[in-house]
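Chains as they are written, first to last, in my numbering: chain A, 67 to 192; chain B, 67 to 192. No residue lacks a Cβ here, since even glycine has one placed at the ideal position from N, Cα and C. Notes follow the structure.
There are 2 protein chains.
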Amino acid sequence: MGGTTINFDAINFKEKLSNFNEHWSPKIIAEMNNYQFKLAKIQGEFVWHDHKDTDEVFIVLEGEMSIAFRDKEVKLSKGEMFVVPKAVEHKPYAEKECHIMLVEPKGVINTGDTHSELTAENNVWI
Amino acid sequence: MGGTTINFDAINFKEKLSNFNEHWSPKIIAEMNNYQFKLAKIQGEFVWHDHKDTDEVFIVLEGEMSIAFRDKEVKLSKGEMFVVPKAVEHKPYAEKECHIMLVEPKGVINTGDTHSELTAENNVWI
Chain A
67 MGGTTINFDA INFKEKLSNF NEHWSPKIIA EMNNYQFKLA KIQGEFVWHD
117 HKDTDEVFIV LEGEMSIAFR DKEVKLSKGE MFVVPKAVEH KPYAEKECHI
167 MLVEPKGVIN TGDTHSELTA ENNVWI
Chain B
67 MGGTTINFDA INFKEKLSNF NEHWSPKIIA EMNNYQFKLA KIQGEFVWHD
117 HKDTDEVFIV LEGEMSIAFR DKEVKLSKGE MFVVPKAVEH KPYAEKECHI
167 MLVEPKGVIN TGDTHSELTA ENNVWI
């Protein structure tokens, strides 16, 4: 273990979610290997984008959201998840505020290769 | 995309959990890149083990569980997660049945390097 310090606190989703209010601005709550777990509050429409090098996991913690694909749409409710395959264009949206967890490799930008005013600051921990 | 078929069904945790009853026998529900998301029902004590090459994520979907470490213990309730660092010995347990999601690289064995009657068949999808 050579000096590694382990944080033995459970990571509580509701508590973490209470720390921010912005929409479309994922905050990191945990890392495993080179992957990050991020919480986000979303409402309204995001931009069309894809992630050329990685799949992306969406897990709905509270509320409902949809992920539009060019020829299809997936609806997700609390207690459901979906894996967006790499390089597939998608546009998340939520009519009412929805709380989600994202899983993706370190360094992934929320808008993928689409630069937008919705491009969020990266690597923000809460 | 070249012929990739995307499954556009949401993955519903409760529905997936209704497909099995065994304890300590993780079932795969999704893959992202070379990582797998697995559901498990646990009750009682597991074995001490570690995973030499990878961290391991525990997310509690229903109920309560604990993860014992050699000098500490973490309690986790519904809506909480914990990342067990690689190579750290741990023993999960739950007094009452608890439903969890695990995230780990493909091919990880549930008991790590500890062979046991609790070693589950690997790579089972539901």
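Against D116 of chain B, chain A offers no close residue; the least beta-carbon distance is about 11 Å (beta-carbon pairs closer than 9 Å). Interface flag for V140 of chain B against chain A is set, since a Cβ pair is found closer than 7 Å.
DSSP, reduced to helix, strand and coil, places F135 of chain A within a strand of the structure shown. Your pair L168 of chain B and E122 of chain B checks out as a contact, with CB atoms roughly 7 Å apart and the cut at 8 Å. Assignment of beta-bridge partners to Q109 of chain A by DSSP yields no partner. Around G145 of chain A, the beta-carbon contacts reaching into chain B at under 7 Å are N78, F79 and K80.
Taking a cut-off of 8 Å for Cβ pairs, the region 149 to 166 of chain A and the region 129 to 138 of chain A touch, as three or more such pairs fall below it. Residue pairing by DSSP leaves F86 of chain A without any beta bridge partner. Counting only Cβ-Cβ distances below 9 Å, T120 of chain A has contacts in chain B at M98 and N99, in chain order. Rounded to the nearest whole angstrom, the CA to CA distance from V140 of chain B to F79 of chain B is 24 Å. The secondary-structure analysis by DSSP pairs W191 of chain B across a beta bridge with B:I94. When the five nearest sequence neighbours on each side are left out, the beta carbons in the same chain lying within less than 6 Å of the beta carbon of H89 of chain B are those of K107, I108 and Q109, in order along the chain.
When the beta-carbon positions are compared, K82 of chain B and I192 of chain B come within less than 7 Å of each other. For V123 of chain B, at least one C-beta of chain A is nearer than 7 Å to its own C-beta.
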